[in-house]
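> I'd like to ask some things about the structure below.
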Amino acid sequence: MTTWQVWGALLLAPYVLVFFVFVLYPVSYGLWLARNPESYRTLFEDPIFFTTVVNTIFFLLVAVNLKFVLALYLSGFFVHDRRWIRWLSVIFILPWAMPAIPTIFSIRFMFNPEWGVVNQTIFRLTGLDGPNWLTNPDLAMAMAMGVHIWKALPFWTLILMAGRLAIPKELYEAASVDGATAWQKFKYVTWPSLRTLYITSTLLSLIWTLGDFNSVYLLTGGQPADKTHVLATLGIRYIRLDQLDHAMATIVVALPFVLPLVYFMMRRLSGDEQKTSQ
Amino acid sequence: MATVVFDSIFKSFGSTKVLHGISLDIANGEFMVLVGPSGCGKSTLLRMLAGLEDIGGGTIAIDGRVVNDLDSKDRDIAMVFQSYALYPHMTVGENMGFSLRLRNDERKRIEDRVAHAARILNLEPYLKRYPRELSGGQRQRVAMGRAIVRDPKVFLFDEPLSNLDAKLRVAMRAEIKALHQRLKTTTVYVTHDQVEAMTMADRIAVMNDGRIEQLGRPLELYDRPANLFVAQFIGSPAMNVFDGTYRNGAVEALGARWPCSAKAHEGQPVKYGIRPVHFDFGSGVEAEVVVVEPMGAETELVVKIGGQSLTVATHGRSPAAPGDRISLAPNAKHAHLFDAASGARL
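Going line by line, the protein sequences match chains B and Y. Note that the first sequence covers residues 642 to 919 in our numbering. Note that the second sequence covers residues 117 to 462 in our numbering.
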């Protein structure tokens, strides 16, 4: 080995060490814990697991897409250069900037069916009991999605704003002169320029949302009756029940969701997709 | 084809006034060039005509119809941008046909018109390509093609050649000029380059600081600039201008007497202007050669007279070398006098 290569190996060593200790070893250990086929059989027989998979797919498809449609729309609003819009954008970013535990717990308290401020207000104004926000499984799931969207929307709006700001202003001016309406400008100028970013961001968000533990666990804890779990929170349930092998199996089961997403994501980022799509 | 009339146009950005009551009539089929240094308001005026900028005050009329409150798309104009502003996700053909597509024209008609424009601009081999696959000059032609396809009442050009290299700029200049002679569409062309203005325009409006300094045919501006600004802006190399005093039918300046045909009051402080080409060699003002710039067809000499640098241009080659002392005879017929205070032509 030349001195140059020795230096290379030396400088690489810390990273390789960290990678082995904190990535390769835990992942392998997890897979080793999840090696027992019996744990998958009992997992698949657990009715809560089936509900959880349905919840997860529903959560991913609805929450992520709704979030992105909203982010696309709001990014168009927030790129306007007005003073009051700049102030509004600061307030808009707050939910994303604040830590998850206090914010989501506040929402949980606000929507408590009995003593939460929302239902108390409804009762005071109408004399009727408000909905069981967090104790009706469907409503609680919708609320969890709402919290997820509320918390992540500012970030993706910012990303799409950056995408919009990168579109040359002259293209819109040329389109105006060419006779385009606002909708046609979006269709022929904004969307073609933003499409790659939008799809890549959606993929990334799908991966992140699959691992979003906070929005569900802090709001509902998987309750009522373990009907609002997603794969990210189900593992914790099994750990609490001292079923570590089931917890690990849950994570392994999520891999068929994650790996294709990661694969498409990497392909897009490496530029293959852009070459074919343009 | 149409006339364009600007009537007392004002414009401010915040507290900064950028246009101070511009009035300008452009005739049917005319090639009007707005020229001036950056920040003079020429692009703002063009963008107001295009409907991309609100009109602060006054009216703009196209073909006799006031367009102040009309959207860009309803003004029947086509614009070529400095950055070309081609839609990156559309092919050349789609770019050119876009406005017709938005108008819901028939497919056949769009194809015919795009093919026609492509033939005029030699773009036929490139119709299926994307803008990123074209050179700067080709992109520029596509931008022009997009304008031609519309067959608009007025063509607007906003510094369309600024992003091209020098050689291509000269070639495209000729192409735009030829195109105008062929189509005879009223054209408003904005540039900061006085050579472009001189070579292309039917008439030039020289703008400075939100006002029109002078309006006229290119050679009128060259021969009889209305003020110092126009005198120094139009013509390349720029006119020599220096301070002097008018006495006995000539100007005393830089330790010499400078002949002129214009008249001023006896003892009046004036600015004396003379273009570099309007010197003869022979008896006259003594000068020292500082720099010799041979360009083949002509030679430019930078000379010092009484401590001031002046430029002298001669046809062909010059035997002068740096350090030589020469004698120059300014051509009185081509000398310009300006009031020292106001800069107005005398």
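Quick reminder that beta carbons are idealized off the backbone N, C-alpha and C, glycines included.
Classify Ala143 (chain Y) as helix, strand or coil using the three-state DSSP reduction.
Reduced to three states, the DSSP call for Ala143 (chain Y) is coil.
> On the criterion of 16 or more Cβ atoms from any shown chain inside 10 Å, does Tyr829 (chain B) qualify as buried, or is it exposed?
Buried, by the Cβ-count rule.
> Does the distance between the C-beta of Val428 (chain Y) and the nearest non-hydrogen atom of the ligand PLP fall short of 6 Å?
The model depicted lacks the ligand PLP and carries no ligand whatsoever.
> Of all the options Y:Ile125, Y:Arg391 and Y:Phe349, which has the alpha carbon lying nearest to the alpha carbon of Asn324 (chain Y)?
It is Y:Phe349 whose Cα lies nearest to the Cα of Asn324 (chain Y).
> Can you list, in chain order, the residues of its chain with a C-beta nearer than 7 Å to that of Thr207 (chain Y)? Leave out the 5 residues immediately preceding and following it.
Cβ within range, chain order: Leu243, Lys244, Arg245 and Tyr246.
> For Gly820 (chain B), which residues in chain Y fall below 7 Å Cβ to Cβ?
Near Gly820 (chain B) (Cβ distances below 7 Å), the residues of chain Y are Lys189, Ser215, Leu218 and Arg219.
> Cα separation between Met314 (chain Y) and Glu382 (chain Y)?
In a straight line, the C-alpha of Met314 (chain Y) is about 36 Å away from that of Glu382 (chain Y).
> Give a yes or no on whether the C-beta atoms belonging to Leu284 (chain Y) and Gly253 (chain Y) are separated by under 7 Å.
Contact flag set, yes.
> Between Ile176 (chain Y) and Val121 (chain Y), what straight-line distance do the alpha-carbon atoms span, to the nearest angstrom?
Approximately 6 Å, taken between the alpha carbons.
> Pull up the distance between the alpha-carbon of Phe733 (chain B) and that of Phe660 (chain B), whole angstroms please.
C-alpha separation (whole angstroms): 37 Å.
> Have a look at Ile800 (chain B) and Ile742 (chain B) and give me their C-alpha separation to the nearest angstrom.
Those two C-alpha atoms are separated by around 24 Å.
> Shorter than 7 Å from the beta carbon of Ala118 (chain Y) to some beta carbon of chain B?
No, its Cβ sits nowhere closer than 7 Å to a Cβ of chain B.
> Between the stretch 133 to 140 of chain Y and the stretch 296 to 303 of chain Y, do three or more beta carbon pairs fall short of 8 Å?
Counting Cβ pairs under 8 Å, fewer than three are found: no touch.
> Name the two residues that bound the continuous beta strand (DSSP E) containing His431 (chain Y).
That run of the beta strand (DSSP E) goes Gln424 to His431.
> Which one of B:Gln864, B:Leu851 and B:Ser817 has the shortest CA to CA distance from Ala194 (chain Y)?
Here the closest residue by C-alpha is B:Ser817.
> Buried or exposed, going by whether 16 or more other CB atoms sit within 10 Å of the CB of Asn164 (chain Y)?
Sequence inspection shows Met at residue 164 (chain Y); the Asn mentioned does not correspond to that position. It counts as buried.
> Are the beta-carbon atoms of Pro353 (chain Y) and Ala347 (chain Y) separated by less than 7 Å?
The answer is no: Cβ separation not under 7 Å.
> May I ask you to report which of helix, strand or coil DSSP gives Pro153 (chain Y)?
In this structure, Pro153 (chain Y) counts as coil in the three-state DSSP scheme.
> Using only the alpha-carbon positions, how far apart do Arg181 (chain Y) and Ile138 (chain Y) sit?
So the two alpha carbons sit approximately 18 Å from each other.
> Go ahead and pull the three-state DSSP assignment for Lys387 (chain Y).
DSSP places Lys387 (chain Y) in strand when its eight states are reduced to three.
> Tell me the DSSP secondary structure of Tyr203 (chain Y) in three-state form.
In this structure, Tyr203 (chain Y) counts as coil in the three-state DSSP scheme.
> Leaving out five residues before and five after Leu426 (chain Y) in sequence, what residues of the same chain have Cβ atoms less than 6 Å from its Cβ?
So the list reads Asn356 and Val419, once near-sequence residues are dropped.
> Of all the CB atoms in chain Y, is at least one closer than 7 Å to the CB of Ser911 (chain B)?
Chain Y, which has no Cβ nearer than 7 Å to the Cβ of Ser911 (chain B), makes this no.
> Any beta-carbon of chain Y closer than 7 Å to the one on Ala895 (chain B)?
No, Ala895 (chain B) lies away from the interface with chain Y (no Cβ there is under 7 Å from its Cβ).
> Run through DSSP, which three-state label would Asp116 (chain Y) get?
Since the first and last residues shown for chain Y are 117 and 462, residue 116 (chain Y) lies out of range.
> Quick one: is Ala815 (chain B) near chain Y, going by C-beta distance under 7 Å?
Yes, Ala815 (chain B) counts as interfacial toward chain Y.
> Buried or exposed: Thr644 (chain B), going by 16 or more other Cβ atoms within 10 Å of its Cβ?
Its Cβ having fewer than 16 others within 10 Å, Thr644 (chain B) is exposed.
> To the nearest angstrom, how far is the alpha carbon of Glu686 (chain B) from that of Met739 (chain B)?
Glu686 (chain B) and Met739 (chain B): Cα-Cα distance of roughly 39 Å.
> Going by DSSP in three states, Glu811 (chain B) sits in which element: helix, strand or coil?
Of the three classes helix, strand and coil, the one that applies to Glu811 (chain B) here is helix, per DSSP.
> Flag this pair as touching only if the stretch 331 to 338 of chain Y and the stretch 363 to 383 of chain Y have three or more C-beta atom pairs under 8 Å; answer yes or no.
The stretch 331 to 338 of chain Y, when compared against the stretch 363 to 383 of chain Y, does not touch it at the 8 Å Cβ threshold.
> Which residues does DSSP list as the beta-bridge partners of Gly332 (chain Y)?
BP columns for Gly332 (chain Y) point to Y:Ile320.
> Exposed or buried, what is Ile726 (chain B) when buried is set at 16 or more other beta-carbons lying within 10 Å of its beta-carbon?
With fewer than 16 Cβ atoms within 10 Å of its Cβ, Ile726 (chain B) is classed as exposed.
> If you run the structure through DSSP and keep just helix, strand and coil, what is Ile176 (chain Y)?
Correct three-state label for Ile176 (chain Y): strand.
> Going by Cα to Cα distance, which pick from Y:Lys127, Y:Gln297, Y:Ala143 and Y:Tyr203 is closest to Leu161 (chain Y)?
Cα-wise, what sits closest to Leu161 (chain Y) is Y:Lys127.
> Where does the unbroken alpha helix (DSSP H) through Leu735 (chain B) begin, and where does it stop?
Start and end: Arg724 to Ala738.
> Leu812 (chain B) versus chain Y: which residues are under 7 Å apart at the beta carbon?
Residues of chain Y passing the Cβ test: Ala201 and Tyr203.
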